[in-house]
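Participant:
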Amino acid sequence: MKSKDNNIDLWERVLNNPPESYKSWFKDEKLFLHKYITKNSKVLEVGCGDGRSIKDILDITLNITGIDYDQKAVDDAVKNFQNYSNIKFSKAEATNLPFKDKEFDFVLCLTTFANFADNKYKAIEEMKRTLKDNGKIIISVFSEDAFEERMKVYIKVNAKIKEIINNKKVIFEENVISEQFSKSELIKIFDKSKLKVNEIIKSGIGYICLLSK
Numbered sequence: 003m004k005s006k007d008n009n010i011d012l013w014e015r016v017l018n019n020p021p022e023s024y025k026s027w028f029k030d031e032k033l034f035l036h037k038y039i040t041k042n043s044k045v046l047e048v049g050c051g052d053g054r055s056i057k058d059i060l061d062i063t064l065n066i067t068g069i070d071y072d073q074k075a076v077d078d079a080v081k082n083f084q085n086y087s088n089i090k091f092s093k094a095e096a097t098n099l100p101f102k103d104k105e106f107d108f109v110l111c112l113t114t115f116a117n118f119a120d121n122k123y124k125a126i127e128e129m130k131r132t133l134k135d136n137g138k139i140i141i142s143v144f145s146e147d148a149f150e151e152r153m154k155v156y157i158k159v160n161a162k163i164k165e166i167i168n169n170k171k172v173i174f175e176e177n178v179i180s181e182q183f184s185k186s187e188l189i190k191i192f193d194k195s196k197l198k199v200n201e202i203i204k205s206g207i208g209y210i211c212l213l214s215k
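Numbering-wise, the sequence shown is residues 3 to 215 according to the numbering used here.
1) State the beta-bridge partners of I166 as determined by DSSP.
2) Under 8 Å by Cβ, that's how I've got S195 and Y123 pegged, so tell me the actual separation to the nearest angstrom.
3) What residues match up with E201 in a beta bridge as DSSP calls it?
4) So the candidates are K185, K138 and V199; which of them puts its Cα closest to the Cα of Y209?
5) Since V48 sits in a beta bridge, which residues does DSSP pair it with?
6) Specify whether the stretch 173 to 192 and the stretch 135 to 154 touch according to this definition: at least 3 beta carbon pairs, one from each stretch, less than 8 Å apart.
7) Based on Cα-Cα distance, which residue from C211, S26, K154 and S55 lies nearest to I139?
8) Decide if N98 is buried, meaning its Cβ has at least 16 other Cβ atoms within 10 Å, or exposed.
9) Whole-angstrom Cβ separation of D107 and V45, contact assumed at under 8 Å?
10) Can you tell me whether N136 is helix, strand or coil according to DSSP?
11) What's the call for D193, buried or exposed, on a 16-neighbour Cβ count within 10 Å?
12) May I ask you to report which of helix, strand or coil DSSP gives I126?
13) Tell me, to the nearest whole angstrom, how far the beta carbon of L64 is from that of N85; I am working on the premise that it is less than 8 Å.
14) Give me the residue from K190, L197 and V178 with the minimum Cα distance to N136.
15) Quick one: give me the first and last residue of the beta strand (DSSP E) that V155 is part of.
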């Protein structure tokens with residue numbers, strides 16, 4: 003739900019007072035991250051926003067890099083983690099990550115995957131490229147059961163919606179797209195991207211996926 007204009011503001015307003023459905027999903031994300039991320043590992047988060055998910059792993063590792071294409075998100079993240087000198091943030095596109103090959107032990111993309119639209123395959127290729135051979139990708143995304151809760155949130159924060167397609171794809175006025183996926187759709191996407199599915203769990207309005215090369 004991010005854009006270069008004002009959607010990051012909307013998303014941050016959601017995070018200030020998320021509904022229970024979102025809170026439950028985020029709680030399961032944290033448990034999932036703690037289950038798999040290893041101590042002192044090198045982590046990249048693609049679409050980090052203001053660092054919501056990074057806060058969840060500070061007790062595991064501080065070797066963290068976050069990127070977002072929204073400058074306000076990056077600025078907010080820098081401010082939120084100003085006391086952590088090892089944690090770095092930069093403005094970058096998911097489709098053109100400014101990192102060398104096989105640099106990270108874990109690449110995270112939590113909730114942001116819903117916004118990639120036709121760029122999702124290029125974004126996955128970049129995640130794979132920057133991932134070590136034995137590394138893992140963790141993706142969290144809206145499930146097929148999320149539409150009603152998504153709409154409640156969009157209305158609450160006064161998101162400007164241009165079009166809704168099949169109660170699944172929401173297009174905002176800035177032509178930013180937010181999608182939801184079934185488990186079978188995710189498996190097809192990962193299979194096409196030549197990613198191995200290690201685990202996919204359902205968490206109410208979301209899926210959380212563990213993937214490897």
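Positions of the beta carbon are idealized from the N, C-alpha and C atoms, including for glycine.
Facilitator: This is what the structure gives:
1) V172
2) 6 Å
3) L212
4) K185
5) I69
6) Contact between the stretch 173 to 192 and the stretch 135 to 154 is present: 3 or more CB-CB pairs across the two stretches fall below 8 Å.
7) C211
8) exposed
9) At roughly 7 Å, the Cβ-Cβ gap stays under 8 Å, so D107 and V45 are in contact.
10) strand
11) exposed
12) helix
13) Not confirmed; about 11 Å, so no contact.
14) Measuring C-alpha to C-alpha distances from N136 to each of K190, L197 and V178 identifies L197 as the nearest.
15) From DSSP, V155 is part of no beta strand (DSSP E) but of the alpha helix (DSSP H) over F149 to K158.
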